[in-house]
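Take a look at the structure below.
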Amino acid sequence: MIIGIAGQPSSGKDTFSTYLESKYDFHHISTSDYIRQYVRDNNLGSLDRETLRETANLLRRMYGADYLMKTALENAQGRTIISGIRNIMEAMELKKAGGTLVVLECPIEQRYKWATSRNRAGDGLITFEEFKLQQQVEEKNADENAQNVLEVIKMGDSILKDYCNFEELYQRIDELMKKI
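Written as C-alpha cells, this is what we have:
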C-alpha cells in the first residue's frame, strides 16, 4: 500500500506521515528530504523554503517533472507514505503506481501558527504576509516543473480538512485508515 500526502505549506504532511509510521507501521519517504540532501551535497546554500523550491524545480527540469516521485517509488517498501507532493506529474506518477493521494486542508491561520512554532530553517522567522506569499508562489504555476499545489489538491482521492489541532488530525487519519 502506498499513500501520498499533499497540502498547502504547514498543513501537517510530516505529522500525518509520522503518525502512520508509528501507529500503522508505514515506511515514510519525504520528497523534501531528497531536495534537502541535494542542496547539502551541492553546497547550494541554506535550507530555506525558497532554496528548496528552486532546487526542486531544477531537479524536475533536469530529470523530468515526475523525478521526485519516481525516486520515492524506487525506495518504497511495503506500506509506504510519501510526503511532499507538490507537482501534477508527481501526483500522476503516484496514481500510476497504484497509490492513494490524501490531501490535507487546514485554515491558513492555523498553518501559520504551526509553521512559526517549529524549528525548520526559515519557518519561524516570517510574517503572516510572507507566509501567504510563499503559499501563493507554490499554488499555481504554468511551468510543468514547478509546484502547482492547487492542481495537486484537486487530484486527491481523500481530503482531511478543517482540523485545528493534531488530535483532531489523528482521529481523521484513523477514520481514513479504516476506509482504505
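Residue numbers are given in my numbering: position 128 of the sequence shown equals residue 197, and the series is strictly consecutive. The beta-carbon is built from N, C-alpha and C at its ideal position, and this holds for glycine as well.
query                                                                                                                                                                  : result
Assuming contact is defined by CB atoms lying nearer than 7 Å, are Ile154 and Val221 in contact in what I supplied?                                                    : yes
Return the residue from the list Asn214, Pro176, Tyr232 that minimises the CA-CA distance to Met131.                                                                   : Asn214
Does the beta-carbon of Ala75, which I'm using as the reference point, lie nearer than 6 Å to any heavy atom of the ligand MN?                                         : Of the ligands one can find in the structure shown there are none, so the ligand MN has no counterpart to examine.
Per DSSP, which one or two residues make a beta bridge with Leu173?                                                                                                    : Gly76, Leu229
Let's see if you can read the secondary structure: which residues bound the alpha helix (DSSP H) around Ile242?                                                        : 235-248
Taking Asn112 as the reference, give the member of Thr124, Glu208, Gly147 with the closest Cα.                                                                         : Thr124
Nearest-angstrom Cα distance between Glu198 and Glu207?                                                                                                                : 15 Å
Measure from the alpha carbon of Tyr232 to the alpha carbon of each residue in Thr169, Ile177, Lys164, Lys223, then state which is nearest.                            : Ile177
If you draw a straight line from the C-alpha of Asn217 to the C-alpha of Ser79, how long is it?                                                                        : 16 Å
Just to confirm my understanding: we take Tyr103, look at its own chain, exclude 5 residues before and 5 after, and list those with CB closer than 7 Å. What are they? : Leu137, Thr140
Return the residue from the list His96, Leu238, Thr100 that minimises the CA-CA distance to Leu121.                                                                    : Thr100
Decide if Gly147 is buried, meaning its Cβ has at least 16 other Cβ atoms within 10 Å, or exposed.                                                                     : exposed
Among all the DSSP beta bridges, which residues are the ones paired with Ile71?                                                                                        : Thr149
Answer yes or no: do Gly73 and Leu128 have a C-beta to C-beta separation smaller than 7 Å?                                                                             : no
Which partner residues does Ile154 have in the DSSP bridge list?                                                                                                       : In the DSSP output, where bridge partners are listed per residue, Ile154 has none listed.
One question on the structure: do Ile195 and Asn144 come within less than 7 Å of each other, judged by their Cβ atoms?                                                 : no
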